[in-house]
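Trainee: For the record, the sequence lines run as chains A and B.
For the first sequence, the working numbering assigns the number 1 to the initial residue and increments by one for each residue that follows.
For the second sequence, the working numbering assigns the number 182 to the initial residue and increments by one for each residue that follows.
What follows is a structure written as structure tokens; I'll ask about it next.
Protein chains: 2
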Amino acid sequence: MRVLGIDPGLTRCGVGVVEGSVGRPLRLIDVNVVRTTSTLPVWERLVTIEKALDAWIEEHRPDAVSIERIFARSDVSTIMGTAQASGLAMVVAARRGIPVALHTPSEVKAAVSGNGRADKAQVTAMVTRILRLDAPPKPADAADALALAITHIWRGGAHERITEAQNKYAAAVAAAGRGTR
Amino acid sequence: MRVLGIDPGLTRCGVGVVEGSVGRPLRLIDVNVVRTTSTLPVWERLVTIEKALDAWIEEHRPDAVSIERIFARSDVSTIMGTAQASGLAMVVAARRGIPVALHTPSEVKAAVSGNGRADKAQVTAMVTRILRLDAPPKPADAADALALAITHIWRGGAHERITEAQNKYAAAVAAAGRGTR
């Protein structure tokens, strides 16, 4: 399974691709930060982000996109741009039919470090270890995008299997219901 | 000048097209509300809004798109969806090279009614009068989109003329500077 993690932001939008599956070593495919200049109008910055994310999906063909879930009570100075970048990230994936998943920062921290309140340095250290890298990923603020991708492979996989099992169960119940009529 | 006004929202996104110019009667071209179901995932709702706005631009070929400026301190329960819908509206226009303008609710109220604190009924009444309609526009919550389009024709035109004049002045100053060297 190949997952594109996106840490949305208007000034810096982290992107990271990780490949692997639950119980097997994960592999870093690519990582970077998409930057836009704050002097440009918001819509030009958003178009730049859209093009960059489209190019990443085009190149890496992820099976799923994992995006940080944003809350209305986050940092007010950046919340609008972050919300807009996250919405755009969802659209870029969804209009291609690629499954989208949102994970909260504490879910991500818990998944990679076992501690939902881990700090940035701990998350980076764990991402480095999980992906068996010689050095922390660069740019430094791209580690969160990789953590989002890792979280989705580890949690998302489980989610999908549960959903699949539920669907099969529901289908079996429906079939049994039809059989007894 | 033909302007598409967009009152962004995830559940209801108002769209209205108005044609005309400063000092001449304005004409209603089309108005509606794009609705999405709250039970669907956010990304599917955003893709629906993107497709609808794309279709409106394709059909009406506006010279500019006028979108309500959203503030981080707006209603917390809807701010995320509203921010995402507004970002998407900007992108849909900007990636086609159509000029985007943001107008605050008080700018819109002041432009159509002369009062920045006008209530919804007053705005609807003024939009109905300005566009010389026999009855208030329907759906009722689409009046804001028309007010955004009207505001842009009345204010945006002036803005553009000022910007043009400033550019000409700057060019003249630069030319004069080169001449004396």
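Glycine residues also receive a C-beta, built at the ideal position from the N, C-alpha and C atoms.
Using a Cβ cut-off of 8 Å, pull out every chain B residue sitting near A:L46, in sequence order please.
Mentor: Ordered by position in chain B, the residues that pass the 8 Å Cβ test against A:L46 are G268, M271, V272 and A275.
Trainee: Under 7 Å Cβ-Cβ, which residues of chain A neighbour B:E249?
Mentor: Neighbours of B:E249 on chain A: none; closest Cβ ~13 Å, over 7 Å.
Trainee: Does the segment 84 to 95 of chain A come within contact of the segment 120 to 138 of chain A, defined as at least 3 CB pairs closer than 8 Å?
Mentor: no
Trainee: Looking at the structure shown, is B:A233 part of a helix, part of a strand, or coil, going by DSSP?
Mentor: helix
Trainee: Suppose the cutoff is 6 Å on Cβ atoms and the five residues either side in sequence are ignored; what does the same chain contact list for B:V184 look like?
Mentor: Excluding the 5 residues flanking it on each side, B:V184 has same chain C-beta neighbours closer than 6 Å at V199, P243, A245, S247, A330, H333 and I334, in chain order.
Trainee: So does the segment 274 to 293 of chain B actually touch the segment 93 to 111 of chain A, counting three or more Cβ pairs closer than 8 Å?
Mentor: Verdict: no, contact absent.
Trainee: Select from the segment 290 to 312 of chain B all residues with a C-beta closer than 7 Å to any C-beta belonging to chain A, and list them in chain order.
Mentor: Residues passing the 7 Å Cβ filter: none.
Trainee: To the nearest whole angstrom, what separates the beta carbons of A:I182 and A:H60, a pair I think is in contact under 8 Å?
Mentor: Since the first and last residues shown for chain A are 1 and 181, residue 182 of chain A lies out of range.
Trainee: Give every residue of the same chain whose Cβ lies closer than 8 Å to the Cβ of B:D235, excluding the five residues on either side of it in the sequence, and list them in chain order.
Mentor: V273
Trainee: Under a CB-based cut-off of 8 Å, is A:V100 close to chain B?
Mentor: Closer than 8 Å to some Cβ of chain B, the Cβ of A:V100 qualifies, so yes.
Trainee: Go ahead and label A:R24 buried or exposed: buried means 16 or more other beta carbons lie within 10 angstroms of its beta carbon, across all protein chains shown.
Mentor: exposed
Trainee: Using CA coordinates, which residue listed in A:R129, A:R35, A:G114 and A:R95 is at the minimum distance from B:V223?
Mentor: A:R95
Trainee: Does the beta-carbon of A:V22 have 16 or more other beta-carbons within 10 angstroms, so that it is buried, or is it exposed?
Mentor: exposed
Trainee: Determine the direct distance from the alpha carbon of A:R117 to that of B:A316, and round the result to whole angstroms.
Mentor: 57 Å
Trainee: To the nearest angstrom, report how far apart A:G114 and A:L133 are at their CA atoms.
Mentor: 20 Å
Trainee: Give the DSSP-derived three-state secondary structure of B:M182 in the structure shown.
Mentor: coil
Trainee: Note down, in chain order, each residue of its chain lying with its Cβ closer than 7 Å to the Cβ of B:R193, except the 5 sequence neighbours on either side.
Mentor: Within the same chain, B:R193 has close Cβ partners V214, R216 and D322.
Trainee: With distance defined between alpha-carbon atoms, name the residue in A:R129, A:P137 and A:E68 nearest to A:D7.
Mentor: A:E68
Trainee: Along chain A, in chain order, which residues have C-beta atoms closer than 8 Å to that of B:E240?
Mentor: Going along chain A, no residue has its Cβ under 8 Å from B:E240, so there is no contact; the nearest lies around 20 Å.
Trainee: Using the three-state DSSP reduction, which class does A:D134 fall into: helix, strand or coil?
Mentor: coil
Trainee: When you compare the CB of A:M1 with every CB in chain B, is at least one pair closer than 8 Å?
Mentor: no
Trainee: According to DSSP, B:V198 sits in a beta bridge with which residue or residues?
Mentor: B:L185 and B:D211
Trainee: Only counting the same chain, and skipping five residues up and downstream in sequence, which positions put a Cβ closer than 8 Å to that of A:I70?
Mentor: P8, I79, T82, A83 and S86
Trainee: Kindly say whether B:I334, judged by its beta-carbon, lies nearer than 8 Å to any beta-carbon of chain A.
Mentor: no
Trainee: Leaving out five residues on either side along the sequence, give the residues of the same chain with a beta carbon under 7 Å from the beta carbon of A:S38.
Mentor: T11
Trainee: Leaving aside the five residues before and after A:A110 along the sequence, list all residues of the same chain whose C-beta is less than 7 Å from its C-beta, in chain order.
Mentor: G116
Trainee: Among the candidates B:M182, B:V196 and B:R208, whose CA atom is the shortest distance from the CA of B:E231?
Mentor: B:V196
Trainee: Please report whether the beta-carbon of B:I331 lies at a distance below 8 Å from any beta-carbon of chain A.
Mentor: Closer than 8 Å: no.
Trainee: If we cut at 8 Å on Cβ distances, does A:I79 have a partner in chain B?
Mentor: yes
Trainee: Leaving out the 5 sequence neighbours to the left and right, which residues in its chain are closer than 8 Å to B:L207 when beta-carbon positions are compared?
Mentor: V199, E200, G201, I311, L312, I331 and I334
Trainee: Since I believe A:M1 is in contact with B:L227 (beta carbons under 8 Å), could you give me their beta-carbon distance rounded to a whole number of angstroms?
Mentor: At roughly 24 Å, the Cβ-Cβ gap does not stay under 8 Å, so B:L227 and A:M1 are not in contact.
Trainee: Drop a sphere of 10 angstroms on the beta-carbon of B:D325, count the other beta-carbons inside from all chains shown, and report buried for 16 or more, exposed for fewer.
Mentor: buried
Trainee: For B:V281, which three-state DSSP category applies?
Mentor: Residue state, collapsed to three classes: strand.
Trainee: Apart from the five residues on each side of it in sequence, which residues of its chain come closer than 6 Å, Cβ to Cβ, to B:T309?
Mentor: So the list reads P317, once near-sequence residues are dropped.
Trainee: Who are the neighbours of A:A52 on chain B, taking C-beta pairs under 9 Å?
Mentor: None at all; the shortest Cβ gap to chain B is about 13 Å.
Trainee: Since A:V65 is in the beta strand (DSSP E), which residue starts that stretch and which ends it?
Mentor: A64 to E68
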